[in-house]
Amino acid sequence: CERLFGQNLCQHGFAEMCHLHRLMDLTRLDATHHVLDLGCGNGMIAEYLSDRTGAHIVGIDFIEEAIEHAQVRTARKRNRLEFEVGDMALLDFGAESFDLVLAIDALYFTDLEQTVKEIRRVARPGGILAAFYSYGRLPGEPLESFSELVLRPEGTPLAHVLNKAGLPYRTWDYTQADYLHARHKRQIAKALKPLFEAEGNLFLYENHAGEAAGVMEAIEARAHSRYLYLVNL
Numbered sequence: 005c006e007r008l009f010g011q012n013l014c015q016h017g018f019a020e021m022c023h024l025h026r027l028m029d030l031t032r033l034d035a036t037h038h039v040l041d042l043g044c045g046n047g048m049i050a051e052y053l054s055d056r057t058g059a060h061i062v063g064i065d066f067i068e069e070a071i072e073h074a075q076v077r078t079a080r081k082r083n084r085l086e087f088e089v090g091d092m093a094l095l096d097f098g099a100e101s102f103d104l105v106l107a108i109d110a111l112y113f114t115d116l117e118q119t120v121k122e123i124r125r126v127a128r129p130g131g132i133l134a135a136f137y138s139y140g141r142l143p144g145e146p147l148e149s150f151s152e153l154v155l156r157p158e159g160t161p162l163a164h165v166l167n168k169a170g171l172p173y174r175t176w177d178y179t180q181a182d183y184l185h186a187r188h189k190r191q192i193a194k195a196l197k198p199l200f201e202a203e204g205n206l207f208l209y210e211n212h213a214g215e216a217a218g219v220m221e222a223i224e225a226r227a228h229s230r231y232l233y234l235v236n237l
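Residue numbers for the sequence shown follow the working numbering, beginning at 5 and rising by one.
Structure, rendered in structure tokens:
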């Protein structure tokens, strides 16, 4: 919701508007860029980035309904916005097609090694992968058996794949930003609880409040981290 993210782009993760603006600044996104947005959902983030910069963006997602919504909503912007149903581990694009690949909380339910291989294939020389990526202790995993080493930017599953592929990267730590976002999310959920209850949607309140509490507890226990990776492809 707008109160949480700063603007309602149907964000499903923890990407606030200031984080997206930082992403644009770091990648120097402009109208000369051809961009691939992995896991684009309904494409509202891609549309916002393109509207702000003029960049040509292709978004893919495996959810057909989300892609259909994106295509209909952006029909008049097809000169710079395209949306397709696709698998990020098997990209249907030619080699060296994109200057920038975006993965905003999109690399959790895929074969990371195969996906990075595909990203590398479709990226042009000098291309960049920009990925917001969170990692932490899995639900039910004993805290005493969890190593904090995997929370370091060079220790996450994504980092291991990048290191194995010999891809250099820089990182920015968004763990504290994640904590503040979760705290704000919990506050908003509590404020809106009567509305959820009146609409018979108390489960939505419980879902949002529970997720926020879980992230806060994990960070307090040093069992969760979040980074922005900029990878030279």
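Ideal Cβ placement from N, Cα and C applies to all residues, glycine included.
None of these values were measured; they are calculated from a predicted model.
Since T160 contacts Y137 with CB under 8 Å, what's their CB separation in whole angstroms? Numbered from 1 along the sequence shown, position 156 holds the residue referred to as residue 160. Numbered from 1 along the sequence shown, position 133 holds the residue referred to as residue 137. Yes, they are in contact, since the Cβ atoms of T160 and Y137 sit about 7 Å apart, within 8 Å.
Can you tell me the Cβ-Cβ gap for F102 and V165, rounded? I've got them flagged as a contact below 8 Å. Counting from 1 along the sequence shown, the entry for residue 102 is found at position 98. Counting from 1 along the sequence shown, the entry for residue 165 is found at position 161. Separation of the CB atoms of F102 and V165 is rounded to 19 Å, and the pair is thereby denied contact status at 8 Å.
Less than 8 Å between C-beta atoms, sequence neighbours within five positions excluded: which residues of the same chain meet that for L196? The residue given as residue 196 occupies position 192 in the sequence shown. Only Y209 meet the Cβ criterion.
Classification of A19 by the beta-carbon crowding that lies within 10 angstroms, buried from 16 upward: Here residue 19 refers to the residue found at position 15 when the sequence shown is read from its first residue. Buried.
I61 bridges to which residues according to DSSP? Within the sequence shown, residue 61 is the residue found at index 57, counting from 1. Assignment of beta-bridge partners to I61 by DSSP yields V39 and L85.
Taking 8 Å as the CB-CB limit, is R174 close to chain D? Judged by its chain identifiers, the structure shown contains no chain D, having just a single protein chain.
For H23, which beta-bridge partners are listed by DSSP? On the sequence shown, residue 23 is found 19 positions in, with the first residue counted as 1. Residue pairing by DSSP places H23 in no beta bridge whatsoever.
CA-CA distance, K189 and T57? As a first step, residue 189 must be located in the sequence shown, where it is residue number 185. As a first step, residue 57 must be located in the sequence shown, where it is residue number 53. Each residue's Cα considered, the two are about 29 Å apart.
Taking C-alpha atoms, which residue in I67, R82, A222 and E72 lies nearest to I61? As a first step, residue 61 must be located in the sequence shown, where it is residue number 57. Minimum Cα distance to I61 is reached at R82.
Reducing DSSP to helix, strand and coil, say where S151 ends up. Start at 1 with the first residue of the sequence shown, and residue 151 comes out as number 147. When secondary structure is reduced to three states using DSSP, S151 falls in the coil class, being assigned neither helix nor strand.
Looking at the structure shown, is A213 part of a helix, part of a strand, or coil, going by DSSP? On the sequence shown, position 209 is the one that residue 213 refers to. In the three-state DSSP reduction, A213 falls in the helix class (H, G or I).
Examine the Cβ distances between the region 166-185 and the region 64-83 and report whether three or more of them are shorter than 8 Å. Contact fails: fewer than three Cβ-Cβ distances are below 8 Å.
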